[in-house]
Amino acid sequence: MADPIVFAVPKGRILGEVLPLFAALGIEPEPAFADPDSRALRFATNRADISLIRVRAFDVATFVAHGAAQVGIVGSDVLDEFDYPELYAPVDLDIGHCRISVAEPAAMAAADDPREWSHVRVATKYPGITRAHFEARGVQAECVKLNGAMEIAPVLGLADRIVDLVSSGRTLKENGLVEVEVIAEVSARLIVNRAAFKTRAAVIAPLVEGFRRLTDGARAA
């Protein structure tokens with residue numbers, strides 16, 4: 010029997026939205042998978058041909074692109090940032106909704122007009138998306154790469170503005186920041202390694218179709 014395919018799932022808030030999809034497809038992870046306190050990284054399921062790994066969102070795309078995992082779920086923000094040619098994203102799962110936005114201190118925003126920007130210094134974990142966005146507007150962007158705690162960067166003088174994921178906007182507000190531009194709307198996508206899609210089609214193709222039916226059904230409801 011062939012080894013099980015590896016399905017990469019991101020840690021964090023999106024996990025709660027992924028579990029009902031698995032349940033609807035008859036995929037039951039072992040109990041530790043849904044336990045936020047578990048330090049395990051790989052998990053069995055009720056299907057001998059599917060195992061799961063739970064990793065950081067940015068790492069999901071890397072695992073699948075390099076073939077260490079064959080299938081995954083990841084935000085469109087990660088796909089846009091890395092743009093791996095090895096990845097195929099056949100289904101928008103219509104979960105994990107948020108946006109990538111430019112934010113700055115509220116006091117600055119009160120007197121600021123984004124249409125007049127010519128150069129910006131931005132703290133972000135999305136330098137690729139950020140540069141592309143500002144280049145399209147004819148604005149020179151100096152990006153300071155951070156992996157977290159973006160909101161503190163303007164307070165400490167590291168950068169005037171940030172580009173980050175925004176959901177409710179609460180974190181921005183609590184740190185004295187406001188959104189001034191939305192770069193892109195984000196949702197979670199099912200991704201597949203292109204080579205694995207050919208070599209493991211017997212397992213992967215029905216998975217893709219199952220997720221597509223779920224998503225189409227939810228939209229039609």
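Using the numbering used here, the first residue of the sequence shown is number 10, and each one after it goes up by one.
For glycine and all other residues, C-beta sits at the position ideal for the given N, C-alpha and C.
Rounded to whole angstroms, what is the Cα-Cα separation between PRO45 and ILE171? 29 Å
* For the candidate residues VAL100, VAL191, LEU174, CYS107, whose alpha-carbon lies nearest to that of GLY226? -> VAL100
- Query: What is the rounded straight-line gap between the Cα of VAL87 and the Cα of ALA120?
  - Reply: 32 Å
Quick check: the segment 178-188 against the segment 104-118, are at least 3 beta-carbon pairs closer than 8 Å?
Three or more beta-carbon pairs separated by less than 8 Å link the segment 104-118 to the segment 178-188, which places the two stretches in contact.
Exercise. From SER176, PHE31, VAL18, pick the residue whose C-alpha is nearest to that of ARG51; which is it?
Worked result: VAL18
inquiry  = Taking its Cβ as the centre, do 16 or more other Cβ atoms sit within 10 Å of GLY81, making it buried, or is it exposed?
reply    = buried
- prompt: According to DSSP, which residues form a beta bridge with LEU199?
  reply: Here LEU199 is bridged, per DSSP, to ILE82, VAL100.
Can you tell me whether VAL164 is buried or exposed, with buried defined as 16 or more other CB within 10 angstroms of its CB? exposed
Kindly give me the distance between the Cβ atoms of LYS134 and ARG65, rounded to whole angstroms, as I take these residues to be in contact under 8 Å.
-> About 11 Å separates the two Cβ atoms, so there is no contact after all.
query: So what's HIS142 in DSSP terms, helix, strand or just coil?
result: helix
Discussion item. What does the Cβ neighbour count give for PRO38, buried or exposed, with the cut at 16 atoms within 10 Å?
Written reply: buried
Item to complete: Could you tell me if GLY35 is buried or exposed, where buried requires 16 or more neighbouring beta carbons within 10 angstroms of its beta carbon?
Response: Taking all protein chains shown into account, GLY35 has fewer than 16 neighbouring C-beta atoms within 10 Å of its C-beta and is therefore exposed.
Can you check which of these residues, SER127, ARG56, MET159, ILE200, is closest to THR180 by C-alpha distance? MET159
* For ARG209 versus ILE23, is the C-beta spacing smaller than 8 Å? -> no
Going by Cα to Cα distance, which pick from GLY157, ARG124, CYS107, GLU218 is closest to ALA193?
CYS107
- Message: Check for me: the beta strand (DSSP E) holding PHE52 runs from which residue to which?
- Response: 51-53
| query | Mind checking ALA70: buried by the 16 CB within 10 Å criterion, or exposed? | reply | buried
Once the 5 residues before and after PRO123 are set aside, which same chain residues still bring their CB inside 7 Å of it?
VAL189, GLU190
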